[in-house]
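Data block below; observations after.
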Amino acid sequence: MPNKSSRQLIEAYYAAFNAGDTDAMLSLVTDDVAHDVNQGERRSGKGLFAEFNAHMTRCYREKLTDIVIFVDEAGARAASEFIVNGEYLATDEGLPAANGQTYRLPAGTFFDLRDGKISRITTYYNLEDWMAQVTG
Numbered sequence: 198m199p200n201k202s203s204r205q206l207i208e209a210y211y212a213a214f215n216a217g218d219t220d221a222m223l224s225l226v227t228d229d230v231a232h233d234v235n236q237g238e239r240r241s242g243k244g245l246f247a248e249f250n251a252h253m254t255r256c257y258r259e260k261l262t263d264i265v266i267f268v269d270e271a272g273a274r275a276a277s278e279f280i281v282n283g284e285y286l287a288t289d290e291g292l293p294a295a296n297g298q299t300y301r302l303p304a305g306t307f308f309d310l311r312d313g314k315i316s317r318i319t320t321y322y323n324l325e326d327w328m329a330q331v332t333g
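Below you can see the structure in the form of structure tokens.
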């Protein structure tokens, strides 16, 4: 049976995400968290994760729905799939101009868990699908 506390950790992460509570998100990750950004480089450490969250908050408003969470037997790894329902608020460097476009796309995340915290977050979505939606 999957580790219940691991499932609760991921549920708490998504509840914080949907509430826009980046401080709560930070409290759930390890100091050396590895964050793999979709089609980007790995960022290591809580500081860079906080910077990424601040950037995302400025450029996007997102709510995740239809979240399904999978946890391995040991409770050390988890995965999830969900729908991203978003609004493009401010132009992100290298991307089309923002003017409040909305988008909806499937995505997934993989997690490593250690000592009751999230130690890796790797998220994937189809960037071409997002681009097509915001350029319309």
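Sequential numbering of the sequence shown, starting at 198, is according to this note's numbering. From the three backbone atoms N, C-alpha and C, an ideal C-beta is built for every residue, glycine too.
DSSP three-state assignment for residue 304, whether helix, strand or coil: Mapped onto the sequence shown, residue 304 falls at position 107. Reduced to three states, the DSSP call for residue 304 is strand.
So does the region 260-279 actually touch the region 232-246, counting three or more Cβ pairs closer than 8 Å? Result no; under three Cβ-Cβ pairs closer than 8 Å.
List the DSSP bridge partners of residue 245. The residue given as residue 245 occupies position 48 in the sequence shown. Per DSSP, none; premise fails for residue 245.
DSSP three-state call for residue 290: helix, strand or coil? Position 93 of the sequence shown holds residue 290. If DSSP states are grouped into helix, strand and coil, residue 290 belongs with coil.
When the distance is taken between beta carbons, is residue 315 closer than 7 Å to residue 234? Locating residue 234 in the sequence shown gives position 37, where the first residue counts as 1. Locating residue 315 in the sequence shown gives position 118, where the first residue counts as 1. The answer is no: Cβ separation not under 7 Å.
For residue 207, collect the residues of the same chain with a Cβ closer than 6 Å to its Cβ; drop the 5 residues on either side in sequence, then sort them by chain order. To locate residue 207, count along the sequence shown from 1; it is residue 10. These residues qualify, in order along the chain: 266, 275.
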